Amino acid sequence: IAPLPAFLIIGRIIQGLSAACIMPSTLAIINEYYIGTRRQRALSYWSIGSWGGSGICTLFCGLMATYIGWRSLFVVLILLTLLAMYL
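Laid out in structure tokens, this is it:
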């Protein structure tokens, strides 16, 4: 929780800049490592993961916030982050 509105605004700016760097970076990696039909398949998986995942997460998180409480979202995100770091 931000102690001052300025911290919240600065945090959101950093978050936005970071998000803006992720998409071009991942697309560049896909274009570098895959050729031809494998590239098309990799881009399809990337699209499903990034855009489809956003829609599913919105629905899932809304249900969790409604029935379990919004604080539970942070616990789940921490667990998923730890799992991703392990993998």
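Per the UniProt record's numbering, the sequence shown runs over residues 1 to 87. The beta-carbon is built from N, C-alpha and C at its ideal position, and this holds for glycine as well. All values reported here derive from a predicted model rather than from experimental measurement.
{"Asked": "Taking the alpha helix (DSSP H) that LEU80 belongs to, which residues open and close that run?", "Found": "71 to 86"}
{"Asked": "So, helix, strand or coil for GLY36, using DSSP?", "Found": "coil"}
{"Asked": "How many angstroms separate the CA atom of GLY62 from the CA atom of ARG38?", "Found": "35 Å"}
{"Asked": "Grouping DSSP H, G and I as helix and E and B as strand, with all else coil, what is PRO3?", "Found": "coil"}
{"Asked": "Since LEU73 contacts ALA65 with CB under 8 Å, what's their CB separation in whole angstroms?", "Found": "6 Å"}
{"Asked": "Rounded to whole angstroms, what's the CA-CA distance from THR26 to ALA2? Just pull it up for me.", "Found": "30 Å"}
{"Asked": "Using a threshold of 9 Å, state whether the C-beta atoms of TRP51 and ILE30 are closer than that.", "Found": "no"}
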